[in-house]
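Single-structure report; data block below.
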Amino acid sequence: MNTNNSLPPLICSFFRLINKAGKLCCKLIAKRRAKKWLKDNCLILDTETTGLGKDAEIIEICIIDCTGKVLLNTLVKPHNPIPAEVTAIHGITNEMVAAAPTWRDIHWQLMALIHTRILVIYNVDFDVRLILQTAGINGCGFGSLELNAECAMRNYAEYYGQRDEKRNKFKWQRLSNAAEQQGVVIDGTPHRALADCKTTLGVIRAMAGVKS
Numbered sequence: 005m006n007t008n009n010s011l012p013p014l015i016c017s018f019f020r021l022i023n024k025a026g027k028l029c030c031k032l033i034a035k036r037r038a039k040k041w042l043k044d045n046c047l048i049l050d051t052e053t054t055g056l057g058k059d060a061e062i063i064e065i066c067i068i069d070c071t072g073k074v075l076l077n078t079l080v081k082p083h084n085p086i087p088a089e090v091t092a093i094h095g096i097t098n099e100m101v102a103a104a105p106t107w108r109d110i111h112w113q114l115m116a117l118i119h120t121r122i123l124v125i126y127n128v129d130f131d132v133r134l135i136l137q138t139a140g141i142n143g144c145g146f147g148s149l150e151l152n153a154e155c156a157m158r159n160y161a162e163y164y165g166q167r168d169e170k171r172n173k174f175k176w177q178r179l180s181n182a183a184e185q186q187g188v189v190i191d192g193t194p195h196r197a198l199a200d201c202k203t204t205l206g207v208i209r210a211m212a213g214v215k216s
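Its first residue numbered 5, the sequence shown is counted upward by one per residue in my numbering.
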């Protein structure tokens with residue numbers, strides 16, 4: 005019997021099966037992680053900023069818990085003006101932050117909130133960098149406190165399972181896309197810290213299989 009014609013399709017089917025099993029395993033792990041976040045009542049944090057660079061500052065920060073309770077939600081007055089092109093994204097103007105507290109005013113309130121707590125952030129690398137960056141610009145330290153933060157964006161990428169062939173990893177999804185994919189209704193204005201915290205919570209609940 006000639007197996008030359010049947011062998012390649014069998015191999016292809018085998019690898020498709022392995023790939024499908026791998027994606028399912030990643031999804032189950034992501035679901036378990038989301039459930040743990042909810043069980044542990046982790047804190048969900050989001051920020052809005054003056055930009056993306058090394059001189060960017062936080063101009064709005066919000067923290068909610070996994071019940072949706074708002075623990076911190078404030079505008080923050082930056083050292084430098086908000087560029088018009090950034091205002092066009094989140095709608096926060098220089099006039100809105102003119103009378104807002106500075107980072108120095110809220111720094112220790114933030115430290116007290118996150119002390120010993122796990123933060124869950126959609127795109128954790130950016131927000132943690134901006135927290136450290138803004139604190140540094142304002143001369144505020146963290147002492148022995150280490151930010152214990154996990155990434156909802158990476159977890160959702162594993163849950164959703166869309167491959168990024170160039171990076172050979174799961175594709176990161178925008179928060180708005182993740183919400184749409186999971187049927188999460190955005191409560192509030194997108195690209196504002198409170199609305200994005202609520203949306204992140206909705207996506208976490210969807211991953212955990214919990215109805216909002």
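Ideal Cβ placement from N, Cα and C applies to all residues, glycine included. Predicted model only: the values in this text are computed from it and were never measured.
The three-state secondary structure of residue 201, taken from DSSP, is helix.
Counting only runs that start and end inside the segment 43 to 106, the beta strand (DSSP E) elements of at least 3 residues fall at 47 to 53, 62 to 69, 74 to 79. The segment 173 to 188 and the segment 148 to 165 touch, with three or more beta-carbon pairs separated by less than 8 Å.
For residue 123, the uninterrupted beta strand (DSSP E) run begins and ends at 123 to 125, by DSSP. Look at residue 144 here: in three-state DSSP terms it is coil, with no helix or strand label.
Within the DSSP secondary-structure output, residue 130 pairs in no beta bridge. Within the same chain, Cβ atoms closer than 8 Å to the Cβ of residue 139 are found at 107, 111, 145, 146, the five residues on either side in sequence being excluded. The Cβ atoms of residue 114 and residue 62 lie no closer than 7 Å to each other.
Taking residue 81 as the centre and dropping the five residues before and after it, the same chain places the C-beta of 101, 104, 106 closer than 6 Å to its C-beta, in chain order.
The beta carbon of residue 187 sits closer than 8 Å to those of 210, all from its chain and outside the five residues before and after it, given in chain order. Excluding its 5 nearest sequence neighbours in each direction, residue 154 has C-beta neighbours in its own chain below 6 Å: 124, listed in chain order.
Secondary structure at residue 196: coil, using DSSP grouped into helix, strand and coil. For the pair residue 128 and residue 38, the Cα-to-Cα distance works out to about 15 Å. Per the C-alpha coordinates, the member of 116, 120, 55 positioned closest to residue 88 is 55. For the pair residue 74 and residue 122, the Cα-to-Cα distance works out to about 16 Å. In the assembly as shown, residue 207 is a buried residue. Its beta-carbon has 16 or more other beta-carbons within 10 Å. Residue 180 and residue 156 have their C-alpha atoms some 13 Å from each other. Residue state for residue 178 is assigned as coil, using DSSP reduced to three classes.
Within the same chain, Cβ atoms closer than 6 Å to the Cβ of residue 126 are found at 156, 157, 179, 204, the five residues on either side in sequence being excluded. About 7 Å separates the CB atoms of residue 165 and residue 30; that is less than 8 Å, so the two are in contact.
For the options 195, 202, 185, the alpha carbon positioned closest to that of residue 52 is the one of 195.
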